[in-house]
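All remarks here apply to the structure that follows.
2 protein chains.
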Amino acid sequence: MTDTGDQKNLGLLWALHARPTREARLVLTVDRIVNAAIDIADGEGIEAVSMQRVAANLDVTKMALYRHVSSKAELVAVMIETAVGEPPDVTHIRGGWRPRIERWAELMRATWQKHPWLPTATTGDRAIGPREIGWTESALSAFAGTPLSGAERIDAVFLLSGHIRNTQAAAGAGTQPWTDERRARPELAELLRGHGDRFRHILSAVNDAHDAPPDNGWAFGLDRILAGLDQLIKEKRA
Amino acid sequence: MTDTGDQKNLGLLWALHARPTREARLVLTVDRIVNAAIDIADGEGIEAVSMQRVAANLDVTKMALYRHVSSKAELVAVMIETAVGEPPDVTHIRGGWRPRIERWAELMRATWQKHPWLPTATTGDRAIGPREIGWTESALSAFAGTPLSGAERIDAVFLLSGHIRNTQAAAGAGTQPWTDERRARPELAELLRGHGDRFRHILSAVNDAHDAPPDNGWAFGLDRILAGLDQLIKEKRA
DNA sequence: GAAGCTTTGTGTCCGGCGGACACATTGCGT
DNA sequence: ACGCAATGTGTCCGCCGGACACAAAGCTTC
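Protein chains in written order, with the numbering used here: chain A, 1 to 238; chain B, 1001 to 1238.
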């Protein structure tokens, strides 16, 4: 629970795409380091990303990396900023808030799906970059014209991005293995059954859900959230 | 992304409250270890929990701990299992699914609030214990009698527990500092303003939200989710 | 072209981490 | 009193992030 202010050098994070003229072809650059790290994280998970490992992939000693990033925390922050990509502009989409936010959610989910380590890496105390904030800005813009208050819009966006994070986290790791018995270890299913009727609601629900789409509740949750927002918006309009 | 099956010794986790007769007064016990670890995590965050640190708090060498827990992963698993506590029984609550699930959510949130490290500790690949499963069972029982399918019930519970996790995670760390400008570092607010109208929706929303309750969208999200579920249930009943 | 200076990468070292393993100690049953 | 199993200790290993002094290149300026 350290103060976020302790983290070093937010400068690089926020100046990422405003680098000055000098463009000399350097053997080692921030981009190469970040991309190497993202490659490792995509393939082997964020916990496989160590300075040594990244350096080895670039045929360089780990201390060389510190000439370009000031700490591992900064490296991870820039990894996240790079992985989430440029936020989309959904303001041109017609039909009101709903198609706009649906499109936004679809794009965000697609982006996060490419980098299964994002839910883990973005949990906890950390610095946040402009692109990440840009995604929030983009989502908030979808609610322009609705009767929702500022606080409500923020909460709505938080709710939606949280849902994306949760479903992606569950996909990346076996966070809720009971949601999909096919993925659950036989051991666990066995344990459940061994406890008799203590878990009868789970067992019957899982039994009933054998043909459900393996999306960790993404579509279901999104629909429920949007329905809930729709109800509030209609109520406030009346 | 290691296979969960790699983790050692699920035996202890699942036998936690079925320990046999032999109850000799031992200096060092699993309970003392786990409680010491939880104390540290509650006070200083989960990242402060190392085997050395726990051992020091018990005036013992770290290797002594390994006589009682087989690995740090197991210790953390039992910490979680202990921290979440016994799941509640909400089946006796009258008035249908809604008061039952509301009560469940309230209890779960209260429990998680006592241990701000739970969101972090329960993210990623890990083993899950019977109590944690029991909370899911408890939530699922609230939907007994509704027209929701098994898959829908599971998704609904996942959606709700995800919301609790998200709001708690945001409370424990500065995950979404823009949600509450009072907590945001002045530096960040300054950066936002410095970008002109690039973040105008955020700035105006935050400006408008200065008197919002600092619950990270808990009440708002819960209401929206329940409204969304209500709509689906009514629709399926018709 | 030589001298200096800055930039970039290297080598070494540190404390802390999780954990394997051999050893010391203790206490209980015989 | 003996032996044995349970419990705690000490030492060692490889890995982690990172501080710091040093080497090797350029580039600038005479």
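From the three backbone atoms N, C-alpha and C, an ideal C-beta is built for every residue, glycine too. This structure is a prediction, so every number in the text was calculated from the model and none was measured.
| Asked | Found |
| --- | --- |
| Within the continuous alpha helix (DSSP H) that includes P119 (chain A), where are the two ends? | L118 to A121 |
| Run down chain B in chain order and give the residues with a C-beta less than 8 Å from the C-beta of W14 (chain A). | L1191 |
| Quick one: any contact between the segment 191-208 of chain A and the segment 1198-1209 of chain B, if contact means 3 or more CB pairs under 8 Å? | no |
| Name the residue from A:R100, A:E152, A:E106 and A:T167 whose alpha carbon lies nearest to the alpha carbon of S141 (chain A). | A:R100 |
| Tell me which residue opens and which closes the alpha helix (DSSP H) that V1060 (chain B) is part of. | First-last for V1060 (chain B): undefined, no H or E at that position. |
| Classify I128 (chain A) as helix, strand or coil using the three-state DSSP reduction. | coil |
| Please report the Cβ distance between P1119 (chain B) and A1169 (chain B), rounded to the nearest whole angstrom; I am assuming they are in contact, meaning their Cβ atoms lie under 8 Å. | 4 Å |
| Checking 7 Å against the spacing of the C-beta atoms, do N1057 (chain B) and G162 (chain A) come in under that value? | no |
| By how many angstroms is the C-alpha of V69 (chain A) removed from the C-alpha of V76 (chain A)? | 10 Å |
| Compute the Euclidean distance between the alpha carbons of R198 (chain A) and H92 (chain A), then round it to the nearest angstrom. | 52 Å |
| Is it true that the CB of R1224 (chain B) sits closer than 7 Å to the CB of I164 (chain A)? | no |
| Comparing C-alpha positions only, which one of B:T1082, B:D1059, B:G1096 and B:A1055 sits nearest to L1239 (chain B)? | Residue 1239 (chain B) falls outside the range modelled here, since chain B spans only 1001 to 1238, and no answer is possible. |
| Scan the segment 1094-1128 of chain B for residues whose Cβ lies nearer than 8 Å to a Cβ of chain A and list them as they occur along the chain. | P1116, P1119, T1120, T1122, T1123, G1124, D1125, R1126 and I1128 |
| N1166 (chain B) touches chain A at which residues, Cβ-Cβ below 9 Å? | F158, L159, S161, G162, H163, R165 and N166 |
| Would you call A121 (chain A) buried or exposed, if buried means 16 or more other Cβ atoms sit within 10 Å of its Cβ? | buried |
| By the 10 Å Cβ neighbour count, where 16 or more other Cβ atoms means buried, how is H1210 (chain B) classified, buried or exposed? | exposed |
| Pick from B:G1150, B:A1238, B:M1063 and B:M1108: whose alpha carbon is nearest that of P1087 (chain B)? | B:M1108 |
| Assign A1209 (chain B) to one of three DSSP states: helix, strand, or coil. | coil |
| Name, please, each residue of chain B whose Cβ falls closer than 7 Å to the Cβ of E74 (chain A). | What E74 (chain A) touches in chain B: nothing, since even the nearest Cβ is about 15 Å away. |
| State the CB to CB distance for the pair D1208 (chain B) and S149 (chain A), rounded to an integer number of angstroms; the pair is presumed to be in contact (CB under 8 Å). | 6 Å |
| Given W14 (chain A), which residues of its chain have a CB within under 7 Å of its CB, disregarding the five upstream and five downstream residues? | G129 and P130 |
| Are M51 (chain A) and K62 (chain A) close, meaning C-beta to C-beta below 7 Å? | yes |
| Please report the distance separating the alpha-carbon of N216 (chain A) from that of I1154 (chain B). | 9 Å |
| Excluding five sequence neighbours on each side, which residues of the same chain lie with their C-beta closer than 7 Å to the C-beta of V157 (chain A)? | T136, A139 and L140 |
| Could you check if R1019 (chain B) is buried or exposed, using at least 16 other CB atoms within 10 Å of its CB as the buried criterion? | Its pLDDT being 48, under 50, R1019 (chain B) is placed unreliably by the model, and nothing is read from it. |
| Three-state secondary structure (DSSP) at N166 (chain A)? | helix |
| For L1241 (chain B), which of A:E47, A:L159 and A:R237 has the nearest alpha-carbon? | Look at the range of chain B in this structure, 1001 to 1238, and you will see that residue 1241 (chain B) is not part of it. |
| If you measure from the beta carbon of L203 (chain A) to each beta carbon in chain B, is any gap under 7 Å? | no |
| For N1035 (chain B), does the three-state DSSP call read helix, strand or coil? | helix |
| Going by C-alpha to C-alpha distance, which of A:D89, A:P116 and A:A151 sits closest to A171 (chain A)? | A:P116 |
| Taking C-beta to C-beta, are V49 (chain A) and A41 (chain A) nearer than 7 Å? | yes |
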